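Numbering (my numbering), first residue to last: 1027 to 1330. Have a look at the structure below, then the notes.
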Ligand SMILES: [Zn+2]
C-alpha cells in the first residue's frame, strides 16, 4: 500500500527532475548558441563589401606622374618586336624655369619648374651618374646601331624662354650638362623670350637648338601650306646660324599628322618628339617619340 501510494510521488519527482534537466539543458544550449552566434554576427558585420574589396585591391597611390593612357599599353619587348630597334632613353621636357612667385604672377605655374627644384633635379642626375646626351646619340642608334650609353638622358626645354637662359643655363654649365632647346624661331627676341645672342651663348655651353616651327604652330592641321611654311622658315633660320645640324624636331602642343611626318622626313629630319609620355624610343616611331614631362617633384618620383 505504501509502495503504491509513494509511486506517483516518485514519478512526479522523476518527471520534475526530467523537466529540470530539459530546462537546464535548453538554457545551456541557448547560451552556447548565443555564444557561438555572436562571433559569427560580428564577423559578418566586419566582412568587406565588394566595393571595399575593390578599394583594397587598388594599388597603393604613389607620387609617380600619371602616364597618358594609351589604348593598349605595350611592354618594351612588344614595342621592340613591332617598331624596333628600341632603346630606353628618357627625354625630359621642361618649359619655364623660374621662381614660383614669379610664375604665379605671370600665370605660368603649370609650365614652371621652380629654379631651386630644378637645381635639385639636375644635381640628382649628376649624383646618380646620369649622362646628358644630344639628339645625335639617338640618330646614331637608329641609323648606325651605335649603342646609347647606359644612364643616358636627353634634357629638352621648349619655346625659348628668357628664364631658361637666366635660371637653367648657369646650372647646366656648372654641371657640364648638355641640353636641347626646341625653338619657335619667330618668337626669338620677343619680351620673355631669348635673343639670338643669348641663344648663341647657350649653344657654346652645350645647348643644341632644334626646330619647334616658326610661330609655335600646331602641325595637326589640314593646311599643308602652313606646315610647309612653319617648318621651312624655322629650318632656314636655324641652318643659317649653324644650328640644326642633326635636324631634330619638336611638335608644338605635341600636334602632328601623317602629312607633317612625311614633310619632316622629306626635309631630312631624323626624328620628332611629341608630348606623349614614355621613355621607350623606337626606330619605326622616330617621328612620334615620347618624352617625360617634369614637374615640381624629385626626379625619384619619375622613376629616376
Ligand atoms: Zn612649345
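Positions of the beta carbon are idealized from the N, C-alpha and C atoms, including for glycine. Small disclaimer: the values here were computed from a predicted structure and weren't measured.
(Q) Can you list, in chain order, the residues of its chain with a C-beta nearer than 7 Å to that of residue 1191? Leave out the 5 residues immediately preceding and following it. (A) 1220, 1224 and 1228
Q: Report the rounded CA-to-CA distance for residue 1204 versus residue 1285, giving the unit in angstroms.
A: 31 Å
Q | First through last residue of the beta strand (DSSP E) which encompasses residue 1299 | A | 1297-1303
Q. Run through DSSP, which three-state label would residue 1196 get?
A. helix
Q | Other residues of its chain near residue 1070: CB distance less than 6 Å, five sequence neighbours each side excluded | A | Note that residue 1070 scores a pLDDT of 40, beneath 50, so its modelled location is shaky and nothing firm can be said.
Q. Residue 1109 lies in the alpha helix (DSSP H); which residues open and close that run?
A. 1102-1109
(Q) Can you look up residue 1239 in the DSSP assignment and give me helix, strand or coil? (A) coil
Q) Helix, strand or coil: how does DSSP classify residue 1210 here? A) coil
Q) Which whole runs of the beta strand (DSSP E) in the region 1151-1187 are 3 residues long or more, in chain order? A) 1178-1184
Q.
If I follow the unbroken alpha helix (DSSP H) through residue 1285, where does it start and stop?
A. 1284-1292
Q: Determine contact between the region 1152-1163 and the region 1137-1144, defined as no fewer than three beta-carbon pairs at a distance below 8 Å.
A: no
Q) Just checking, does the region 1228-1241 make contact with the region 1300-1316 on the three C-beta pairs under 8 Å criterion? A) no
Q) Identify the residues that DSSP records as bridge partners of residue 1120: which are they? A) 1183
(Q) Buried or exposed, going by whether 16 or more other CB atoms sit within 10 Å of the CB of residue 1131? (A) exposed
(Q) Give me the residue from 1211, 1320 and 1117 with the minimum Cα distance to residue 1261. (A) 1211
Q) What is the DSSP secondary structure of residue 1330, reduced to helix, strand or coil? A) coil
Q. Does the beta carbon of residue 1184 fall short of 7 Å from some heavy atom of ligand 1?
A. yes
Q. Anyone know if the C-beta pair for residue 1119 and residue 1317 falls short of 8 Å?
A. yes
Q) Are there 16 or more other CB atoms within 10 angstroms of the CB of residue 1062, so buried, or fewer, so exposed? A) A caution first: residue 1062 carries a pLDDT of 44, below 50, which makes its placement in the model too unreliable to give a value.
**Q.** Cβ neighbour criterion (16 or more within 10 Å) applied to residue 1196
**A.** exposed
Q: For my contact list, residue 1272 and residue 1264 are in at a C-beta cut-off of 8 Å; report their separation, rounded to the angstrom.
A: In fact, because the Cβ distance is near 11 Å, the residues do not count as touching under 8 Å.
Q) Should residue 1177 and residue 1156 be called a contact, given that it needs their Cβ atoms to be closer than 8 Å? A) yes
Q: With a cut-off of 8 Å on the beta carbons, I'd call residue 1174 and residue 1163 a contact; round off their distance for me.
A: 6 Å
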